[in-house]
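Colleague:
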Amino acid sequence: TFEYVKGRPYADNFERSISEWKQLYSDEDAVFDKVIEMDVSDLEPQVTWGTNPEMGVNFNTPFPDIKDSNDERAYQYMGLEPGQKAEDIELGYVFLGSCTNARITDLIEASHIVKGNHVHPNITAIVVPGSRTVKKEAESMGLDKVFKEAGFEWREPGCSMCLGMNPDQVPEGVHCASTSNRNFEGRQGKGARTHLVSPAMAAAAAINGRFVDVRKVVV
Numbered sequence: 002t003f004e005y006v007k008g009r010p011y012a013d014n015f016e017r018s019i020s021e022w023k024q025l026y027s028d029e030d031a032v033f034d035k036v037i038e039m040d041v042s043d044l045e046p047q048v049t050w051g052t053n054p055e056m057g058v059n060f061n062t063p064f065p066d067i068k069d070s071n072d073e074r075a076y077q078y079m080g081l082e083p084g085q086k087a088e089d090i091e092l093g094y095v096f097l098g099s100c101t102n103a104r105i106t107d108l109i110e111a112s113h114i115v116k117g118n119h120v121h122p123n124i125t126a127i128v129v130p131g132s133r134t135v136k137k138e139a140e141s142m143g144l145d146k147v148f149k150e151a152g153f154e155w156r157e158p159g160c161s162m163c164l165g166m167n168p169d170q171v172p173e174g175v176h177c178a179s180t181s182n183r184n185f186e187g188r189q190g191k192g193a194r195t196h197l198v199s200p201a202m203a204a205a206a207a208i209n210g211r212f213v214d215v216r217k218v219v220v
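With my numbering applied, the sequence shown covers 2 to 220.
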């Protein structure tokens, strides 16, 4: 975090600030009620199947059985059934954007998958950098050319398809792989079916026309 902030706009008093921040630490003899350590090195890619972010599964896990009316409604809206897998979904759109998952590191990661490949003919793929700063840095690195050569639309920063802004909407009944942070009913347009995934998963989906295990994609 310190390295990221250093040299950024509005960080003129960085040295003074960091000396203060470093005072915020636990006492050496501090005792905690619980210490939780998590190893996510073997975590599978995640894909949502429903209409809120918690309705998600590991890529290789079948969609769960219906346990309540919320699940039933979500399946009906999404046009899916329990037991299906993410790879069974026929995609029509891929949105690589939003303020949460279109950072420069996200675009770099996605570009490694995209470079030398081309967007599947059944896919409309859009890249919207998370901010003007991100867009400027990405273009200085030539990432815009990588995406455009692969068949992506390279857009100006903004909300765009994250919430169906202006004409950037997913058609009714069409499935979209999206790096945004919400997948509620109608979030990306009336009747749009949103699946939340990581930038890498979205990039791989754009190339293959459907969800694939990004860990098996050769870059």
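Think of the CB as a built atom: it goes at the ideal place given N, C-alpha and C, for glycine as much as any other residue.
Are the Cβ atoms of Ala178 and Leu92 separated by less than 7 Å?
Modeller: Cβ distance < 7 Å, so Ala178 and Leu92 count as in contact.
Colleague: Check each candidate in Asn123, Phe3, Ser99, Phe212 and name the one with the smallest Cα separation from Glu16.
Modeller: Nearest of Asn123, Phe3, Ser99, Phe212 to Glu16, Cα basis: Phe3.
Colleague: Quick one, are the C-beta atoms of Phe33 and Asp214 less than 7 Å apart?
Modeller: Contact: no.
Colleague: Does the pairing of the segment 5–23 with the segment 47–64 give three or more beta-carbon distances under 8 Å?
Modeller: With a cut-off of 8 Å, the segment 47–64 and the segment 5–23 do not count as touching, because too few Cβ pairs lie within range.
Colleague: Got a sec, what are the start and stop residues for the beta strand (DSSP E) Thr125 sits in?
Modeller: Where Thr125 is concerned, the enclosing beta strand (DSSP E) stretches over 125–128.
Colleague: Given a cut-off of 7 Å on the beta-carbon distance, is the pair Val212 and Met162 in contact?
Modeller: Residue identity differs from the one stated: residue 212 is Phe in this sequence, not Val. No; because the gap between Cβ atoms is not below 7 Å, this pair is not in contact.
Colleague: Measuring CB to CB, does Arg216 end up less than 7 Å from Met79?
Modeller: No, Cβ-Cβ distance for Arg216 and Met79 is not below 7 Å.
Colleague: Quick one: Cα of Pro65 to Cα of Glu55, how far?
Modeller: So the alpha carbons of these two residues sit roughly 12 Å apart.
Colleague: Short check: CB of Ala87 to CB of Leu108, under 7 Å?
Modeller: No.
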